[in-house]
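What follows is a short report on a single structure.
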Amino acid sequence: DKEKEKEEARRKEAEAAAAKKKAEAEAEAEEERQRKEKEKEKEKEKEKERKREEARRKEAEAAVAAAAAAEADREKRRQAEQEAQARTKAEEAAKTNEVDAAAAAAAAAAAAAAAAAA
(Lines of atoms letter the chains of each structure in order from A and count residues from 1; the text may use other names and numbers.)
(Lines give C-alpha, C1' and ligand atoms only; values in the text may rest on other atoms or scores of the structure.)
Protein backbone atom coordinates (compact mmCIF):
# COMPACT_ATOMS: atom_id res chain seq x y z
CA ASP A 1 0.00 0.00 0.00
CA LYS A 2 2.83 2.37 0.90
CA GLU A 3 4.47 1.47 -2.38
CA LYS A 4 1.31 2.49 -4.25
CA GLU A 5 1.21 5.81 -2.35
CA LYS A 6 4.87 6.47 -3.19
CA GLU A 7 4.21 5.62 -6.84
CA GLU A 8 1.15 7.92 -6.86
CA ALA A 9 3.18 10.71 -5.25
CA ARG A 10 5.98 10.30 -7.86
CA ARG A 11 3.42 10.32 -10.66
CA LYS A 12 1.79 13.51 -9.33
CA GLU A 13 5.22 15.09 -8.87
CA ALA A 14 6.15 14.21 -12.47
CA GLU A 15 2.83 15.62 -13.72
CA ALA A 16 3.38 18.80 -11.72
CA ALA A 17 6.93 19.15 -13.11
CA ALA A 18 5.64 18.61 -16.65
CA ALA A 19 2.85 21.14 -16.11
CA LYS A 20 5.36 23.65 -14.70
CA LYS A 21 7.69 23.10 -17.67
CA LYS A 22 4.79 23.54 -20.10
CA ALA A 23 3.66 26.76 -18.37
CA GLU A 24 7.22 28.15 -18.47
CA ALA A 25 7.53 27.30 -22.17
CA GLU A 26 4.19 29.01 -22.91
CA ALA A 27 5.20 32.10 -20.92
CA GLU A 28 8.50 32.24 -22.80
CA ALA A 29 6.72 31.88 -26.14
CA GLU A 30 4.32 34.70 -25.17
CA GLU A 31 7.22 36.97 -24.17
CA GLU A 32 8.93 36.26 -27.50
CA ARG A 33 5.71 37.01 -29.40
CA GLN A 34 5.30 40.32 -27.56
CA ARG A 35 8.94 41.25 -28.15
CA LYS A 36 8.56 40.58 -31.88
CA GLU A 37 5.35 42.60 -31.96
CA LYS A 38 7.08 45.56 -30.28
CA GLU A 39 9.95 45.26 -32.75
CA LYS A 40 7.50 45.29 -35.65
CA GLU A 41 5.81 48.43 -34.23
CA LYS A 42 9.17 50.17 -33.87
CA GLU A 43 10.00 49.31 -37.48
CA LYS A 44 6.63 50.69 -38.64
CA GLU A 45 7.29 53.92 -36.73
CA LYS A 46 10.78 54.20 -38.26
CA GLU A 47 9.27 53.75 -41.73
CA LYS A 48 6.68 56.47 -41.03
CA GLU A 49 9.44 58.81 -39.88
CA ARG A 50 11.47 58.05 -43.04
CA LYS A 51 8.43 58.91 -45.17
CA ARG A 52 7.84 62.15 -43.23
CA GLU A 53 11.50 63.08 -43.67
CA GLU A 54 11.30 62.36 -47.42
CA ALA A 55 8.19 64.55 -47.69
CA ARG A 56 9.95 67.39 -45.82
CA ARG A 57 12.98 67.08 -48.12
CA LYS A 58 10.80 67.19 -51.24
CA GLU A 59 8.92 70.22 -49.87
CA ALA A 60 12.21 72.03 -49.24
CA GLU A 61 13.44 71.21 -52.75
CA ALA A 62 10.18 72.49 -54.24
CA ALA A 63 10.49 75.73 -52.24
CA VAL A 64 14.06 76.24 -53.48
CA ALA A 65 12.98 75.58 -57.08
CA ALA A 66 10.06 78.02 -56.73
CA ALA A 67 12.37 80.70 -55.32
CA ALA A 68 14.83 80.18 -58.19
CA ALA A 69 12.02 80.41 -60.75
CA ALA A 70 10.72 83.61 -59.16
CA GLU A 71 14.22 85.09 -59.19
CA ALA A 72 14.67 84.17 -62.87
CA ASP A 73 11.29 85.74 -63.66
CA ARG A 74 12.27 88.97 -61.85
CA GLU A 75 15.56 89.01 -63.76
CA LYS A 76 13.75 88.59 -67.11
CA ARG A 77 11.36 91.43 -66.25
CA ARG A 78 14.27 93.66 -65.19
CA GLN A 79 16.07 92.95 -68.47
CA ALA A 80 12.93 93.61 -70.52
CA GLU A 81 12.42 96.87 -68.64
CA GLN A 82 16.03 97.95 -69.31
CA GLU A 83 15.66 97.09 -73.00
CA ALA A 84 12.38 99.04 -73.20
CA GLN A 85 14.03 102.05 -71.54
CA ALA A 86 16.96 101.83 -73.95
CA ARG A 87 14.55 101.70 -76.93
CA THR A 88 12.56 104.65 -75.56
CA LYS A 89 15.73 106.70 -75.10
CA ALA A 90 16.85 105.83 -78.61
CA GLU A 91 13.45 106.78 -80.08
CA GLU A 92 13.44 110.07 -78.17
CA ALA A 93 16.95 110.87 -79.30
CA ALA A 94 15.99 110.04 -82.89
CA LYS A 95 12.94 112.30 -82.71
CA THR A 96 14.84 115.26 -81.27
CA ASN A 97 17.85 114.93 -83.51
CA GLU A 98 17.42 113.17 -86.88
CA VAL A 99 21.17 113.43 -87.52
CA ASP A 100 22.02 111.40 -84.40
CA ALA A 101 19.48 108.62 -85.21
CA ALA A 102 22.16 106.13 -86.24
CA ALA A 103 24.23 106.87 -83.13
CA ALA A 104 21.13 106.49 -80.92
CA ALA A 105 20.28 103.15 -82.51
CA ALA A 106 23.83 101.98 -81.94
CA ALA A 107 23.62 103.15 -78.30
CA ALA A 108 20.31 101.29 -77.87
CA ALA A 109 21.81 98.12 -79.33
CA ALA A 110 24.81 98.48 -77.02
CA ALA A 111 22.53 99.00 -73.98
CA ALA A 112 20.44 95.96 -74.93
CA ALA A 113 23.62 93.89 -75.33
CA ALA A 114 24.86 95.10 -71.94
CA ALA A 115 21.51 94.24 -70.35
CA ALA A 116 21.59 90.77 -71.92
CA ALA A 117 25.14 90.26 -70.67
CA ALA A 118 24.25 91.36 -67.12
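First residue of the sequence shown: 19, per our numbering; consecutive thereafter. Even glycine gets a Cβ: it sits at the ideal position worked out from N, Cα and C.
Return the Cβ separation of residue i and residue j in integer angstroms, given the expectation that the two are a contact with Cβ distance under 8 Å.
i: residue 101; j: residue 133; result: 6 Å
For residue i versus residue j, is the C-beta spacing smaller than 7 Å?
i: residue 126; j: residue 105; result: yes
Among the residues of its own chain, which have a CB less than 8 Å from the CB of residue i, if the five just before and after it don't count?
i: residue 76; result: none
Within a Cβ cutoff of 6 Å, which residues of the same chain sit near residue i, ignoring the five residues on either side of it in sequence?
i: residue 84; result: none
i: residue 129; result: 104
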